[in-house]
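Colleague: Chains as they are written, first to last, in the working numbering: chain A, 327 to 738; chain B, 327 to 738. In this text, a Cβ means the ideal position worked out from N, Cα and C, and glycines have one as well.
Written out as structure tokens, the structure is:
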């Protein structure tokens with residue numbers, strides 16, 4: 327049976343850059359494999375959500391996987407939590423958190439706690455399952471992520487995602503009081519819980535052994551937890567059930583892994599995947615080829631993050647070079663038989679903007695019986711004259727399922 | 327900060343015409359500036375509402391400004407009223423009206439009252455604030471527009487826009503009885519009010535001094551008011567608030583001015599703007615350039631109406647020549663620095679149809695960091711191979727806001 331691969335090069339698309347003679351990094355890069363893919367496939371431009379809408383990586387992937395981000399997405403927290411292995415359930419309220427440093431006057435002196443790297447698991451262990459006075463029925467789930475990052479999940483009745491952040495965003499200020507963002511009793515209750523949580527985290531962590539050692543070494547202690555990026559875990563139908571597929575997700579960042587996880591996909595961890603331009607693309611390639619050639623999966627979602635990172639950093643040369651490296655990965659995937667291979671990006675991250683924009687992204691589909699068009703290179707501008715014209719992220723799975731002859735007829 | 331200009335040449339698009347060797351007027355016209363704009367920009371075709379839908383100028387502009395015309399638009403009355411300076415509020419029921427001539431037997435002998443031009447302000451003064459027996463709580467606002475045209479606004483509780491016209495559309499008939507168009511008590515009440523209004527207008531105006539003089543001069547008196555084009559004033563969020571812009575509207579007709587006004591835009595009046603092919607394009611150009619170069623506005627909506635008028639009149643040569651004149655205006659706008667300049671039409675008004683059709687219109691966007699495409703002339707057919715492919719009116723503001731780096735990211 328023919329398989330489907332959707333490969334999303336995060337933030338790869340861009341705007342014309344003067345230093346590249348008004349070409350984009352993807353236009354300027356030497357990408358023989360991507361260009362061959364364009365030549366052998368059907369091409370177009372894609373609006374991840376709709377024209378002009380600035381998609382996040384999360385909302386774009388949600389859309390491409392066939393879910394409506396306006397229904398499913400309330401914030402980043404749930405996906406970050408799921409991405410690091412917290413078993414979230416629909417209705418949970420989840421937050422991203424920072425391990426931060428607070429002084430005796432209650433002022434945040436370092437939002438990243440000296441960019442702490444070690445000991446966070448022990449610290450998290452002291453916070454996880456914490457009971458909060460007056461809210462003993464609410465389950466507190468807390469887990470460390472990479473570096474100074476962590477996630478908090480609140481589980482119980484009567485909670486809401488309509489609450490503000492506690493992170494003051496700048497050092498030198500106290501934690502922001504969490505306030506309810508609507509008039510519901512649920513929001514009021516959740517805000518109270520969070521304020522208690524922040525206060526209690528300081529009490530629990532102030533004299534924590536890990537922090538005592540850090541202070542001895544002259545490092546900033548991770549003595550307070552600051553939640554932000556709230557979201558309610560959505561009730562999404564399983565991706566496999568929805569499309570009748572056995573699916574896997576090969577992603578680098580917790581955010582995209584979390585989307586795969588919440589959609590019920592198998593996560594394939596890749597050794598050496600950093601999410602940066604230094605990531606181990608060889609290792610990623612091996613994982614992809616192995617999953618695609620095996621019998622366990624008939625759909626694989628791939629996200630490679632480095633181009634987006636370079637875009638956010640405004641690093642033109644690094645973005646261009648990383649795209650050239652990814653081209654080799656594309657070349658290996660092209661060697662796999664009996665697949666529909668879709669290559670695209672989740673949004674543009676122009677070097678000039680250093681953030682996502684709503685410019686459309688190129689997309690190509692290669693596989694059996696494709697209506698091959700005249701496009702011969704893979705980039706933002708060549709793509710628009712291809713046979714797909716202009717589609718949306720939400721069209722991708724429908725088109726793929728149809729090509730794979732796995733979709734139901736609507737009508738007679 | 328970079329500014330945005332959306333210039334809409336009303337009804338400019340057309341269908342191929344045999345007498346033009348199967349070219350459209352826009353294809354046949356000599357438009358070096360528009361063609362240069364196409365060459366420097368990104369091009370596409372646009373469906374003002376959606377493919378095949380015959381848009382009005384009003385519904386198209388509403389859509390392009392980012393509102394849903396299916397939600398916002400119930401009829402032309404509210405926009406005509408706002409366009410001539412009546413301060414309408416959401417919930418008002420507004421009508422276009424004719425000053426007409428009624429004989430002693432109650433027959434309309436001249437729907438346009440001898441195309442009256444003078445004295446309408448005094449006549450309107452006698453109608454404005456009229457009290458209607460049994461409906462003393464309903465405020466009657468009445469104001470003259472140009473020529474034989476006027477507007478009526480009803481304000482109060484329990485009104486509806488589900489009522490018929492009183493205009494019989496042909497001379498030689500009595501005013502049509504206004505009937506409710508649904509079963510609601512509000513529609514019944516509003517129909518009663520309108521019938522009373524028409525009757526009372528005749529009583530008040532029959533012996534009005536302006537009409538006595540007209541009769542003396544052998545002119546048809548404006549002795550009855552016939553409302554039509556009912557609409558409920560919509561509750562629309564302010565355009566400036568919605569997009570975070572300081573906006574101005576430079577339009578010729580009351581209808582488009584009214585849309586700008588109801589959206590909360592500043593209206594810039596232009597001396598000599600007639601809405602016809604005889605309009606003062608030099609004066610319009612000066613207003614545009616002055617507004618675009620000043621500090622008061624970062625968004626300007628422009629509507630120029632002559633091509634639509636020529637289209638409705640079936641005047642091919644005049645339409646073509648007017649487009650050539652507008653080309654000079656485009657040339658002046660292109661000289662302004664630091665703008666995103668969007669040129670399009672609100673619908674097609676083909677010479678052969680003499681009315682609007684649902685054919686898509688060309689659109690071009692020029693400005694910083696645009697993904698310039700290979701299109702080198704601005705017209706209905708060249709446009710479709712451009713980088714925008716096919717978009718909708720409702721995409722325009724999203725795309726512009728994204729290019730201006732003024733839109734919020736949805737997601738992370």
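Would you please verify whether the beta carbon of residue 735 of chain B is less than 8 angstroms from any beta carbon of chain A?
Modeller: So, interface residue.
Colleague: If you check the beta carbons only, do residue 375 of chain A and residue 736 of chain B fall under 8 angstroms apart?
Modeller: Yes, they are a contact pair.
Colleague: Please determine if the region 587-596 of chain B and the region 605-622 of chain B are in contact, where contact requires at least 3 C-beta pairs separated by less than 8 angstroms.
Modeller: Contact holds: three or more Cβ-Cβ distances are below 8 angstroms.
Colleague: Say whether the region 414-421 of chain B touches the region 478-491 of chain B, bearing in mind that this needs 3 or more beta-carbon pairs closer than 8 angstroms, one atom from each stretch.
Modeller: Verdict: yes, contact present.
Colleague: Determine the contact status of residue 569 of chain B and residue 456 of chain B, defining contact as a CB-CB distance below 8 angstroms.
Modeller: No, the pair does not count as a contact, with Cβ atoms beyond the cut-off.
Colleague: So that I know if they touch, is there some Cβ in chain A lying closer than 8 angstroms to that of residue 727 of chain B?
Modeller: Cβ-Cβ to chain A under 8 angstroms: yes for residue 727 of chain B.
Colleague: What residue ranges within the region 356-443 of chain A form continuous alpha helix (DSSP H) runs of no fewer than 4 residues, ordered along the chain?
Modeller: Complete alpha helix (DSSP H) runs here, min 4: 358-366, 383-390, 395-398 and 403-409.
Colleague: In angstroms with no decimal places, state the Cα-to-Cα distance between residue 639 of chain B and residue 602 of chain B.
Modeller: Taking the straight line joining both Cα atoms gives about 11 angstroms.
Colleague: Rounded to whole angstroms, what's the CA-CA distance from residue 341 of chain A to residue 707 of chain A? Just pull it up for me.
Modeller: Those two C-alpha atoms are separated by around 10 angstroms.
Colleague: The alpha helix (DSSP H) spanning residue 527 of chain A covers which residue range?
Modeller: Element bounds for residue 527 of chain A: 511-531.
Colleague: Based on the DSSP secondary-structure assignment, which residues constitute the bridge partners of residue 480 of chain B?
Modeller: Per DSSP, B/419 and B/466.
Colleague: Hey, residue 408 of chain B and residue 450 of chain B are a contact pair by Cβ (cut 8 angstroms); roughly how many whole angstroms apart?
Modeller: Rounded, the Cβ-Cβ distance is 16 angstroms, inconsistent with contact.
Colleague: In whole angstroms, what is the alpha-carbon distance linking residue 355 of chain A and residue 650 of chain A?
Modeller: Spanning the two alpha carbons is a distance of roughly 6 angstroms.
Colleague: Mind checking whether residue 704 of chain B and residue 333 of chain B have CB atoms under 8 angstroms apart?
Modeller: For residue 704 of chain B and residue 333 of chain B, no; Cβs fall outside 8 angstroms.
Colleague: Residues in its own chain within less than 7 angstroms of residue 412 of chain A by CB, not counting five upstream and five downstream?
Modeller: Closer than 7 angstroms at the Cβ level, and outside the excluded window around residue 412 of chain A, lie 467, 469, 477 and 479.
Colleague: Let me know the beta strand (DSSP E) ranges lying completely inside the region 588-648 of chain B, each 3 residues or longer, listed in chain order.
Modeller: Within the region 588-648 of chain B, the complete beta strand (DSSP E) runs of at least 3 residues are 625-630.
Colleague: Pick helix, strand or coil for residue 333 of chain B, following the three-state DSSP scheme.
Modeller: Three-state DSSP puts residue 333 of chain B in a strand.
Colleague: With a threshold of 8 angstroms between beta carbons, is residue 474 of chain A in contact with chain B?
Modeller: So no, residue 474 of chain A is outside the interface.
Colleague: Please tell me whether residue 371 of chain B has its Cβ less than 8 angstroms away from any Cβ of chain A.
Modeller: Not an interface residue.
Colleague: Using a C-beta cutoff of 8 angstroms, does residue 689 of chain B count as contacting chain A?
Modeller: It does not; no Cβ of chain A falls within 8 angstroms.
Colleague: Which residue wins for smallest C-alpha separation from residue 402 of chain B, given the options B/414, B/539 and B/558?
Modeller: Among B/414, B/539 and B/558, the Cα nearest to that of residue 402 of chain B belongs to B/558.
Colleague: Going along chain B in order, which residues have a C-beta closer than 9 angstroms to the C-beta of residue 706 of chain A?
Modeller: Within chain B, the residues near residue 706 of chain A are 697 and 713.
Colleague: Determine the burial state of residue 616 of chain B: buried for a count of at least 16 other Cβ atoms within 10 Å of its Cβ, exposed for fewer.
Modeller: Classification of residue 616 of chain B: exposed, given that the 10 Å Cβ count is below 16.
Colleague: I'd like to know if the region 381-392 of chain B and the region 713-724 of chain B are in contact, where contact means that at least 3 CB-CB pairs between them fall below 8 angstroms.
Modeller: Yes, the region 381-392 of chain B is in contact with the region 713-724 of chain B.
Colleague: How about residue 436 of chain B and residue 634 of chain B: do their beta carbons lie closer than 8 angstroms?
Modeller: No, Cβ-Cβ distance for residue 436 of chain B and residue 634 of chain B is not below 8 angstroms.
Colleague: Can you check whether the CB of residue 574 of chain B is closer than 8 angstroms to the CB of residue 331 of chain B?
Modeller: No, the pair does not count as a contact, with Cβ atoms beyond the cut-off.
Colleague: Are the beta-carbon atoms of residue 548 of chain A and residue 472 of chain A separated by less than 8 angstroms?
Modeller: No, Cβ-Cβ distance for residue 548 of chain A and residue 472 of chain A is not below 8 angstroms.
Colleague: Look at the alpha carbon of residue 648 of chain B and the alpha carbon of residue 357 of chain A, and state the distance between them as a whole number of angstroms.
Modeller: About 48 angstroms.
Colleague: What's the call for residue 750 of chain A, buried or exposed, on a 16-neighbour Cβ count within 10 Å?
Modeller: This structure cannot settle anything about residue 750 of chain A, because the visible part of chain A is limited to 327 through 738.
Colleague: Looking at C-alpha atoms only, which residue of A/604, A/636, A/659 and A/643 is the closest neighbour of residue 628 of chain A?
Modeller: The residue with the shortest Cα to Cα distance from residue 628 of chain A is A/659.
Colleague: For the pair the region 531-550 of chain B and the region 505-516 of chain B, tell me if three or more CB-CB distances fall below 8 angstroms.
Modeller: Touching, no, given that fewer than three Cβ pairs across the two stretches are closer than 8 angstroms.
Colleague: Output, in chain order, the set of chain A residues within a Cβ distance shorter than 7 angstroms of residue 717 of chain B.
Modeller: Residues of chain A passing the Cβ test: 377.
Colleague: Does the beta-carbon of residue 430 of chain A have 16 or more other beta-carbons within 10 angstroms, so that it is buried, or is it exposed?
Modeller: It is exposed - the Cβ of residue 430 of chain A has fewer than 16 other Cβ atoms within 10 Å.
Colleague: In the structure shown, what three-state DSSP assignment does residue 667 of chain B receive?
Modeller: Note: residue 667 of chain B maps to strand in three-state DSSP.
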